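Protein chains: 2
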Amino acid sequence: MINVAVLGYGTVGSGVVELLFKNNRLFASKTGQPVAVKYILDIRSFPGDRYESLLVRDIETVLRDPEINVVVETIGGAGVAYEFTRRALQAGKNVVTSNKELVNEKGPELLALARENGVRYLFEASVGGGIPVILPMMSGLGANEIHRIVGILNGTTNYILTKMKNDGMSFEDALGRAQQFGYAEANPSADIDGLDTCRKLCILASLSFGKYVHADRVRPEGIRGVTPELMTLAEQQGYRIKLIGSAQRLPDGIVEMFVGPAAVPASHPLANIEDVFNGILVSGDATGDVLFYGKGAGKMPTASAVCSDIIECSKPLCESILWDVTDNDFVRSPAPGRFEYLEGTNIPIVMSI
Amino acid sequence: MINVAVLGYGTVGSGVVELLFKNNRLFASKTGQPVAVKYILDIRSFPGDRYESLLVRDIETVLRDPEINVVVETIGGAGVAYEFTRRALQAGKNVVTSNKELVNEKGPELLALARENGVRYLFEASVGGGIPVILPMMSGLGANEIHRIVGILNGTTNYILTKMKNDGMSFEDALGRAQQFGYAEANPSADIDGLDTCRKLCILASLSFGKYVHADRVRPEGIRGVTPELMTLAEQQGYRIKLIGSAQRLPDGIVEMFVGPAAVPASHPLANIEDVFNGILVSGDATGDVLFYGKGAGKMPTASAVCSDIIECSKPLCESILWDVTDNDFVRSPAPGRFEYLEGTNIPIVMSI
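So the protein sequences, as listed, match chains G and B.
Sequential numbering from 1 applies to the first sequence in my numbering.
Sequential numbering from 1 applies to the second sequence in my numbering.
Here it is, written out as structure tokens:
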């Protein structure tokens with residue numbers, strides 16, 4: 001029996017609960033045992049909610065219950081989420097999360113703690129929403145040395161850029177539209193200033209290169225400076241403007257990381273990724289370029305990734321990821337002028353990044 | 001220590017040997033133990049070959065050696081490859097293959113045999129070449145009910161169709177070009193008549209729907225009838241002609257399968273997949289559409305998938321795939337006239353399939 005506690009009953013947390021009930025038979029057949037939501041932890045009340053009876057307010061209820069084997073952390077941030085994750089791992093419970101901030105901020109410590117306690121800390125949902133990317137990159141491309149990762153990793157900014165291109169909107173109007181549809185938060189800074197893309201890229205880079213990369217090693221640039229004029233100029237030269245995150249291992253072992261607007265030729269696999277979709281191109285030495293594409297955010301896509309990780313927790317534990325923190329000097333930002341640029345701008349062309 | 005025997009020293013087999021030597025340190029770090037090629041089995045001689053000393057001619061050498069824990073079958077076909085696979089599984093050895101014909105022909109028996117003997121029969125390389133698709137579909141999308149799979153699954157025909165579209169070549173000229181570059185075999189029927197696409201689609205459908213689908217349940221149509229005129233007509237209406245394999249689970253549980261040329265709108269994720277690249281779109285109930293894209297064939301991409309499966313063999317065995325063969329009546333071909341068609345043709349439009 002797999003008993004799950006969901007911490008945080010917001011958009012993603014409620015999606016996880018919904019999916020665990022909806023596809024319950026599928027989970028039982030995939031794990032060989034019943035899977036049930038035993039607790040939902042939140043400090044808020046949800047009177048009349050279908051699963052109100054599962055709500056608890058005290059983390060001790062979860063931590064002290066020996067029947068709980070998987071804790072889903074969808075609280076977000078690196079405060080209480082960090083404390084609860086640490087304590088759940090110490091209590092010998094697997095933890096599954098969509099929290100990219102916490103994974104990037106405290107990954108090395110939490111992964112080591114999971115290993116010490118013989119459990120997992122899994123975070124497929126932290127990058128690419130409903131697109132399986134961490135598992136296929138680590139296992140499906142396991143025979144490859146990964147040279148490069150380049151992707152559209154943030155749905156909010158991709159929606160804004162798509163609106164600007166297709167409907168000629170200004171950045172401000174497109175942002176307003178994104179907020180209206182719930183794609184952008186009231187304080188949209190983490191998305192539009194590139195920090196969210198940067199954190200996700202750092203998670204992928206840490207996994208691919210085996211060494212921990214903290215987001216503060218990279219200087220992200222966001223999309224506030226992208227104007228309709230720039231988009232038109234790009235279009236005229238056969239390019240589209242996308243917010244790109246890229247990590248490339250150079251021959252000397254240095255990893256060069258870039259987060260910012262870039263010009264993508266219309267025939268490039270990332271060019272036609274529109275709206276809230278994400279795409280991640282991974283280059284392996286044997287297989288070449290592989291693209292993973294799908295919905296990068298949203299309630300049910302993110303719940304899909306969280307719940308797939310819950311199924312993973314039912315398998316025998318066989319390998320622990322550890323991120324080496326001893327060497328922080330292998331990451332650098334590209335030197336100014338290092339790329340090819342879109343004519344008349346300082347926007348780099350994606351293939352030269 | 002993982003000792004590998006490679007059966008069949010052709011294009012894929014030699015790629016596997018090359019990659020196992022090239023990325024040897026990576027394999028050791030991923031599996032926690034040394035990985036070595038101990039035997040290469042082939043009836044041919046390779047005088048002067050770098051790995052000539054590993055060549056053996058008698059399968060008994062492989063089967064009787066208790067040190068061999070992984071057998072790579074890259075012989076192809078369902079004759080001797082079938083016999084050797086069966087005997088290797090019975091001898092308690094994991095078998096990894098790129099042989100779609102054998103997987104589709106004898107999958108239920110070989111998977112059951114693997115389970116009885118506590119070993120694996122893995123075939124990531126049988127579909128999509130170097131693109132991880134089976135693992136992410138089964139695990140990364142594990143929380144989803146899969147409704148539909150639609151893809152470009154054959155690199156040879158996609159190369160031919162790309163040449164016809166971009167260079168205005170006739171089918172015959174484009175086929176000749178494909179043969180000249182080694183993308184098409186001297187007898188290209190399995191590719192151009194759709195059987196290869198059909199077998200790969202049947203493998204994905206069997207995995208997604210848990211019931212075995214043999215290729216003879218589907219009536220594939222190939223691309224011999226695609227003319228430059230049809231391509232122009234499609235182009236004028238905003239479509240591209242692609243050889244599409246599609247399996248869709250209808251609400252009544254019936255799976256409708258289609259293999260044939262179809263019209264793909266220019267903005268569709270499969271439209272820009274050119275040359276020998278493949279793309280597979282999988283629709284899950286929670287995550288929506290996810291696309292996996294990359295090199296669908298070739299020596300090193302296919303070796304990448306085989307070698308990733310070798311790494312999988314080093315993990316604790318936790319689940320066995322079994323294909324139910326009791327019910328063969330859940331598959332049907334679409335009734336004539338069931339789709340929307342490209343105006344003035346009998347070519348279905350991909351979204352209606």
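The C-beta atom is built at its ideal place from N, Cα and C for all residues, glycine as well.
All of these numbers come straight from a predicted model, not from anything done at the bench.
- Annotation: ASP191 (chain B) to LEU201 (chain B) spans about 13 Å, alpha carbon to alpha carbon.
- GLU172 (chain B) sits in a helix when the DSSP states are folded into three classes.
- Boundaries of the beta strand (DSSP E) around LEU281 (chain G): 277 to 284.
- Contact of ILE131 (chain B) with chain G by beta-carbon distance below 7 Å involves VAL290.
- Here ALA88 (chain B) has VAL71, VAL95 as same chain residues with Cβ atoms under 6 Å from its own Cβ, once five neighbours each way along the sequence are excluded.
- For ASN23 (chain G), the three-state secondary structure derived from DSSP is coil.
- Non-local beta-carbon contacts of TYR341 (chain B) in its own chain, meaning distances under 7 Å to residues more than five positions away in sequence, involve ILE347, PRO348, ILE349 in chain order.
- DSSP lists G:VAL150, G:PHE258 as the bridge partner or partners of SER246 (chain G).
- Chain B places no beta carbon closer than 8 Å to that of ILE192 (chain G), leaving this residue out of the contacts.
- In terms of beta-carbon proximity, ASN23 (chain B) lines the interface with chain G, with at least one pair separated by less than 8 Å.
- Here the stretch 229 to 249 of chain B makes contact with the stretch 259 to 273 of chain B; the two share three or more CB pairs at distances below 8 Å.
- For secondary structure counted as the beta strand (DSSP E) over 3 or more consecutive residues, the stretch 83 to 143 of chain B holds these complete runs in sequence order: 94 to 97.
- Close to SER304 (chain B), with beta-carbon spacing below 8 Å, are these residues of chain G in chain order: LEU141, ALA143, ASN144, GLY284, ALA286, THR287.
- Taking 8 Å as the upper bound for CB-CB distance, ALA28 (chain B) and ALA305 (chain B) are not in contact here, some 20 Å apart.
- For ASN187 (chain G), there is no enclosing alpha helix (DSSP H), as DSSP marks it with neither H nor E.
- Using a C-beta cut-off of 8 Å, the stretch 156 to 166 of chain B makes no contact with the stretch 69 to 86 of chain B, since fewer than three inter-stretch Cβ pairs fall below that distance.
- From the beta-carbon of GLY294 (chain B), the residues of chain G found nearer than 8 Å are THR287, GLY288, ASP289, VAL290, LEU291.
- By the criterion of a C-beta distance shorter than 7 Å, PRO136 (chain B) is surrounded in its chain by PHE292, once the five residues flanking it on both sides are discounted.
- Under the Cβ distance rule, PRO265 (chain B) does not count among the residues neighbouring chain G, no pair being separated by less than 8 Å.
- DSSP places LEU233 (chain B) in the uninterrupted alpha helix (DSSP H) bounded by 228 to 236.
- Annotation for TYR159 (chain B): no beta strand (DSSP E) segment contains it, though the alpha helix (DSSP H) segment containing it runs 155 to 167.
- Proximity of chain B to CYS307 (chain G) at the Cβ level (cut-off 7 Å) is accounted for by ALA143, in chain order.
- Cβ contact annotation for ASP275 (chain G) (same chain, cutoff 8 Å, sequence separation greater than five): GLY155, ASN158, TYR159, THR162, in chain order.
- By DSSP's assignment, ILE2 (chain G) forms a beta bridge with G:VAL35.
- Among the residues facing chain G, MET300 (chain B) is included, as its CB has a counterpart in that chain under 8 Å away.
- VAL306 (chain G): member of the alpha helix (DSSP H) spanning 299 to 312, first to last residue.
- Ranked by Cα distance from GLY344 (chain G), the options G:PRO251, G:ARG64, G:TYR121, G:GLU229 are led by G:GLU229.
- Residues HIS147, ARG148, ASP289 of the same chain have their beta carbon placed closer than 6 Å to that of SER283 (chain B), with the five preceding and five following residues left out of the count.
- By alpha-carbon distance to GLY76 (chain G), the top candidate from G:SER14, G:LEU322, G:VAL62, G:ASN99 is G:ASN99.
- Taking the CA atoms as reference points, LEU250 (chain B) sits about 7 Å from GLU256 (chain B).
- Taking all protein chains shown into account, PRO316 (chain B) has fewer than 16 neighbouring C-beta atoms within 10 Å of its C-beta and is therefore exposed.
- For LEU19 (chain G), the closest Cβ of chain B is nearer than 8 Å.
- Using a Cβ-Cβ cut-off of 8 Å, LEU122 (chain G) does not count as an interface residue toward chain B, since no Cβ of chain B sits closer than that to its own.
- At a cut-off of 8 Å between C-beta atoms, ILE203 (chain B) does not count as an interface residue with respect to chain G.
- In the DSSP assignment, GLU73 (chain B) falls within the unbroken beta strand (DSSP E) covering 68 to 73.
- Annotated three-state conformation of ALA263 (chain B) is strand, per DSSP.
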